[in-house]
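*Asks:* Residue 91 in this note's numbering is what sits at position 91 of the sequence shown, and the numbering runs on without skipping anything.
Built from N, CA and C at the ideal position, the CB exists for glycine as well.
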Amino acid sequence: MTTNTATVDNDYLKGFTLVLLSAIGYGLQPLFTHVAYSDGASPVGLLVLRFLAASSMMFVWLKLRGFEMPPLKHNLQYLLVGIGYSGAALGYYSASHSTSVSLAVILMFSFPAFVVLFSIGVLKEKATPLKLVSVALAIGGVIVAVGLDIQGDSTGVLWALFAAFAYGSAILYGTHKASPLYPAQSACMVLIGCFLGAVAVSSVQPTHWPQTDAGWLSVVGLALFATIFPIATFIAGAPKIGASNASTISTMEPVVAVAIALLLIGEPLNTATMIGGGMVILAVVLLSRSK
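(1) Short check: CB of E267 to CB of S102, under 8 Å?
(2) Can you list, in chain order, the residues of its chain with a C-beta nearer than 6 Å to that of G237? Leave out the 5 residues immediately preceding and following it.
(3) Report the CB separation of I265 from P43 in whole angstroms; it is logged as a contact under 8 Å.
(4) Tell me which same chain residues have a C-beta within less than 7 Å of the C-beta of V190, skipping the five on either side of it?
(5) Pair every Cβ in the segment 39 to 59 with every Cβ in the segment 210 to 221, then say whether three or more of these pairs are closer than 8 Å.
(6) In this structure, how does DSSP classify Q185 when only helix, strand and coil are distinguished?
(7) Pick out whichever of M274, D213 and K177 has its Cα sitting closest to the Cα of L76.
(8) Looking only at C-alpha atoms, which of I241, S38, V280 and S203 sits nearest to D9?
(9) Put D213 into one of helix, strand or coil per three-state DSSP.
(10) Determine, using beta carbons only, whether A184 comes closer than 8 Å to chain D.
(11) Between I281, M58, G278 and A89, which lies nearest to W159 when the distance is taken from Cα to Cα?
(12) Just reading off the alpha helix (DSSP H) that F109 is part of, what are its end residues?
(13) For the candidate residues L286, V285, I281 and L287, whose alpha-carbon lies nearest to that of G141?
(14) Assign K131 to buried or exposed, taking buried as 16 or more other Cβ atoms, counted over all protein chains shown, within 10 Å of its Cβ.
(15) Output the residue ranges of the alpha helix (DSSP H) runs that lie fully inside the segment 33 to 81 and measure 4 residues or longer, sorted by chain position.
(16) Please report the residue range of the alpha helix (DSSP H) in which F162 lies.
(17) Taking only the alpha-carbon atoms, compute the straight-line gap between W209 and G40 and give it to the nearest angstrom.
(18) Pull up the CB-CB distance for A144 and M58, whole angstroms please, since I reckon it's below 8 Å.
(19) If we count the other Cβ atoms within 10 Å of its Cβ and call it buried at 16 or more, is Q185 buried or exposed?
(20) Between the alpha carbons of I120 and F195, how many angstroms are there, rounded?
(21) Pop quiz: V258 and V105 are said to be a contact at Cβ under 8 Å. What is the actual Cβ separation, rounded to whole angstroms?
(22) Out of curiosity, what's the CA-to-CA distance linking L72 and V204?
(23) Assuming G27 contacts V256 (C-beta within less than 8 Å), just tell me the rounded distance between them.
What follows is the structure, given as structure tokens:
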């Protein structure tokens, strides 16, 4: 009995560590994007390169490991999820390019409020007090963060809210329509869908590439350490601790992103952004603890 308990505790610790590393990896995005933007890259150009590199690396890895390809319907479902994620990434990257990273990441992480409202209003899920309080906290946090002191322009705020909408839509579709089988292959198809979405946007928006080695290295870092690495660690760690715990730990992503914006990029953090961000993160934690 003691051995079994020790094994369970060890598995949980391993899963906790992997999901935490995943959140930290995703939170590194502002560091790499800041370097790429400073080197002349545009948000759309950066996304095209990021998802091209990440999807190529993951596809080669799957081939080398001998993973079987899922059915066509499964692949198409996750391509659609990826296109939705590419919209979220476009909104987030465009927002962080024109307004503060802190505000952009806080607004994007309000997406659970949209998911819950849609689930209650359209999918007829039960409106529990916890869900309603969480939604109120998330919306209130956005109002506080945006309404009291906007760093940047209103376009950046709208891009960030669009990112939250697109991210929530992709999650809703992935949760209710896409098959949960083949997690690694599904992640690869999501990245390919992200790339296709970014390429489509690049045909109608200005696309600029990095100009020096530093910019191109930041693209490699973005694809490897802030895309492939967090995907792999999350896929490996989440089943060991459960979806609810994994979602809670994942709220470290905006914390890491804001810390990078403050300590490495040199952004100021005003009181409104701090209070609003705390409200949004609390809302996400509460929602992740509900079934």
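*Replies:* In terms of the structure at hand:
(1) By 1-based counting over the sequence shown, the position of residue 267 is 267. By 1-based counting over the sequence shown, the position of residue 102 is 102. Remark: C-beta atoms of E267 and S102 approach each other more closely than 8 Å.
(2) Within the sequence shown, the letter at position 237 stands for residue 237. Annotation for G237: G15, L18 and V19 place their beta carbon closer than 6 Å to its own, counting only its chain and skipping 5 residues before and after.
(3) Residue mapping note: residue 265 aligns to position 265 of the sequence shown, counting from 1. Residue mapping note: residue 43 aligns to position 43 of the sequence shown, counting from 1. The pair is not a contact, with the Cβ atoms about 16 Å apart (cut-off 8 Å).
(4) Here residue 190 refers to the residue found at position 190 when the sequence shown is read from its first residue. Hits under 7 Å: Y78, V81, G82 and Y85.
(5) In this structure the segment 39 to 59 lies against the segment 210 to 221, because at least three pairs of beta carbons, one per stretch, are closer than 8 Å.
(6) On the sequence shown, position 185 is the one that residue 185 refers to. DSSP places Q185 in helix when its eight states are reduced to three.
(7) Reading the sequence shown from its first residue, position 76 is the one you call residue 76. Minimum Cα distance to L76 is reached at K177.
(8) Indexing the sequence shown from 1 puts residue 9 at position 9. When only C-alpha atoms are compared, the closest one is I241.
(9) In the sequence shown, the residue the question calls residue 213 occupies position 213. Three-state result, D213: helix.
(10) No chain D is present in this structure, which holds just one protein chain.
(11) Counted from its first residue, the sequence shown places residue 159 at position 159. Ranking the options by Cα distance to W159, first place goes to A89.
(12) Taking the first residue of the sequence shown as position 1, residue 109 is located at position 109. Premise fails: F109 is in no alpha helix (DSSP H) and is neither H nor E.
(13) What you label residue 141 is simply residue 141 of the sequence shown in a count that begins at 1. Nearest to G141 by C-alpha distance, out of L286, V285, I281 and L287, is I281.
(14) As a first step, residue 131 is located in the sequence shown; it is residue number 131 there, counting from the start. By the neighbour-count criterion, in which a residue is buried when 16 or more other Cβ atoms sit within 10 angstroms of its Cβ, K131 is buried.
(15) Counting only runs of 4+ residues, the alpha helix (DSSP H) found wholly inside the segment 33 to 81 occupies 43 to 65, in chain order.
(16) Within the sequence shown, numbered from 1, the residue matching residue 162 stands at position 162. S154 to H176 is the extent of the alpha helix (DSSP H) around F162.
(17) Position 209 of the sequence shown, counting from 1, holds the residue named residue 209. Position 40 of the sequence shown, counting from 1, holds the residue named residue 40. Straight-line Cα distance between these residues: approximately 7 Å.
(18) Position 144 of the sequence shown, counting from 1, holds the residue named residue 144. Position 58 of the sequence shown, counting from 1, holds the residue named residue 58. The amino acid at residue 144 is misidentified as Ala; the sequence shows Val. About 38 Å separates the beta carbons of V144 and M58, which is beyond the 8 Å limit, so they are not a contact pair.
(19) Taking the sequence shown and counting its residues from 1, one reaches residue 185 at position 185. The residue in question, Q185, is buried, as its Cβ has 16 or more Cβ neighbours within 10 Å.
(20) Position 120 of the sequence shown, counted from the first residue, corresponds to residue 120. Position 195 of the sequence shown, counted from the first residue, corresponds to residue 195. I120 and F195: Cα-Cα distance of roughly 32 Å.
(21) Position 258 of the sequence shown, counted from the first residue, corresponds to residue 258. Position 105 of the sequence shown, counted from the first residue, corresponds to residue 105. At roughly 6 Å, the Cβ-Cβ gap stays under 8 Å, so V258 and V105 are in contact.
(22) As a first step, residue 72 is located in the sequence shown; it is residue number 72 there, counting from the start. As a first step, residue 204 is located in the sequence shown; it is residue number 204 there, counting from the start. Cα to Cα, the separation comes out at about 29 Å.
(23) Locating residue 27 in the sequence shown gives position 27, counting from the first residue. Locating residue 256 in the sequence shown gives position 256, counting from the first residue. Contact holds; Cβ gap of about 3 Å.
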